[in-house]
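Data block below; observations after.
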Amino acid sequence: MNWQKIFGQICYAAQRSGLISVELPKYSNINNRVTSKPHWLFINCRSQGTTVGMAGLQQQNFQYFLVLDFEATCDTTPIHPQEIIEFPILKVNSNTMEIESTFHTYVQPVHHPHLTPFCTQLTGIIQSMVDGQPTLQQALQKVNNWMADEGLLNPNVSSAFVTCGDWDLKTMLPGQCQHLGLCVPDYFKQWINLKKAYSKATGTWPKSGLPAMVQGLGLKHLGRLHSGIDDCRNIANIMREMTCRGFVFKLTSQKE
1 MNWQKIFGQI
11 CYAAQRSGLI
21 SVELPKYSNI
31 NNRVTSKPHW
41 LFINCRSQGT
51 TVGMAGLQQQ
61 NFQYFLVLDF
71 EATCDTTPIH
81 PQEIIEFPIL
91 KVNSNTMEIE
101 STFHTYVQPV
111 HHPHLTPFCT
121 QLTGIIQSMV
131 DGQPTLQQAL
141 QKVNNWMADE
151 GLLNPNVSSA
161 FVTCGDWDLK
171 TMLPGQCQHL
181 GLCVPDYFKQ
191 WINLKKAYSK
201 ATGTWPKSGL
211 PAMVQGLGLK
221 HLGRLHSGID
231 DCRNIANIMR
241 EMTCRGFVFK
251 LTSQKE
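For the sequence shown, full-length UniProt numbering assigns the number 1 to the initial residue and increments by one for each residue that follows.
Put into structure tokens, the structure is as follows:
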């Protein structure tokens, strides 16, 4: 049987009929090669300037994904304590994988109030962007108010935070809260590590993190790497693509 021809016909039919992606069986014999890894035909679910219909998306376990990516004070050598200086969250509707709302604030560092040249070069955040901004305690209150306004604190609404790695919610936020004597809200204590989800879906660990996942899925990188809000947008695009290809996201990590 000519598998290449059959797959080509599937791809063509999928594109013509408006289907977004085709996922082959997990256990496949392709050109006499047996593998247990999932095979995704690399048809991007959204080309530039187009929108995906709801029919092309896999139903998820959560109504909303809350994509989060902190930026923090840093230097060429480790500093302590590190402090969050950018706090972005995107509210993504799992039925459409569209961004419905955005929370974003810069955060004023207290222990190391002056950003280093290395930090500015890495993140693009300059001193004037954090001066006079909310402290972490104030930012956390703003987050809680935003979540309440968005209905995310309603017990009948399910949501999950999503991060590119475990550092944000396993290390950075708990560490700074402990240093300041603040309690970490319960909704930050479990999350989806996108790297783990991507690895499960593709059988490949994204060694370079976000760039590896963007490239691996054939997507275009948006904005600046290590801009918190831009990183969130790229995470949302990666999730959208994975959802279109049939992946169902589950919680991967938690902090006691």
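Even for Gly, the Cβ is constructed at its ideal location relative to N, Cα and C. Bear in mind the structure is a predicted one, so any value in this text is a computation, not a measurement.
Considering Cα atoms alone, identify which of the options is closest to residue i.
| i | options | result |
| --- | --- | --- |
| residue 96 | 175, 124, 131 and 62 | 62 |
| residue 220 | 229, 121, 233 and 208 | 233 |
| residue 246 | 197, 253 and 206 | 197 |
| residue 152 | 188, 226 and 214 | 188 |
| residue 161 | 148, 242 and 90 | 90 |
| residue 238 | 92, 214, 206 and 99 | 214 |
| residue 309 | 186, 101, 250 and 92 | Missing from the structure shown is residue 309; the chain here goes from 1 to 256 and no further. |
| residue 199 | 105, 250 and 149 | 250 |
| residue 191 | 182, 170 and 181 | 170 |
Need the endpoints of the beta strand (DSSP E) that residue i sits in, please.
| i | result |
| --- | --- |
| residue 193 | 190 to 193 |
Considering only residues of the same chain and omitting the five flanking positions on each side of residue i, which have a CB-CB separation below 7 Å?
| i | result |
| --- | --- |
| residue 164 | 69, 194, 195, 209, 210, 231 and 235 |
| residue 168 | 68, 69 and 70 |
| residue 111 | 81 and 83 |
| residue 174 | 184 and 255 |
| residue 285 | Absent from the structure is residue 285, since the part of the chain shown begins at 1 and ends at 256. |
| residue 166 | 193 and 253 |
| residue 122 | 74 and 226 |
| residue 217 | 238 and 241 |
| residue 79 | 73 and 112 |
| residue 212 | 206 |
| residue 93 | 64 and 100 |
| residue 105 | 87, 133, 134, 139 and 142 |
Residue range of the alpha helix (DSSP H) that residue i falls in?
| i | result |
| --- | --- |
| residue 228 | 228 to 244 |
| residue 222 | Neither: residue 222 is in no alpha helix (DSSP H) and is coded neither H nor E. |
| residue 214 | 210 to 216 |
Residues in the same chain with beta-carbon distance under 8 Å from residue i, minus the five sequence neighbours each way, listed in chain order, please.
| i | result |
| --- | --- |
| residue 115 | 73, 85, 109, 125, 126, 127 and 130 |
| residue 107 | 83, 84, 85, 86, 87, 130, 133, 134, 135, 136 and 139 |
| residue 157 | 63, 64 and 151 |
| residue 222 | 230, 233, 234 and 237 |
| residue 75 | 116, 118 and 119 |
| residue 248 | 58, 59, 60 and 61 |
Taking the beta carbon of residue i as the centre, do at least 16 other beta carbons fall within 10 Å, making it buried, or is it exposed?
| i | result |
| --- | --- |
| residue 228 | buried |
| residue 201 | buried |
| residue 252 | buried |
| residue 257 | Any property of residue 257 remains undetermined from this structure, which presents the chain solely from 1 to 256. |
| residue 155 | exposed |
| residue 206 | buried |
| residue 103 | buried |
| residue 243 | buried |
| residue 178 | exposed |
| residue 141 | exposed |
Could you pull out every residue in the same chain whose Cβ sits closer than 6 Å to the Cβ of residue i, ignoring the five residues on either side in sequence?
| i | result |
| --- | --- |
| residue 159 | 62, 64, 66 and 152 |
What ranges does the alpha helix (DSSP H) occupy inside the region 66 to 103, keeping only unbroken runs of at least 4 residues that lie completely in it? Here no run is fully enclosed.
Which whole runs of the beta strand (DSSP E) in the region 114 to 200 are 3 residues long or more, in chain order? Fully enclosed beta strand (DSSP E) runs of 3 or longer: 159 to 163 and 190 to 193.
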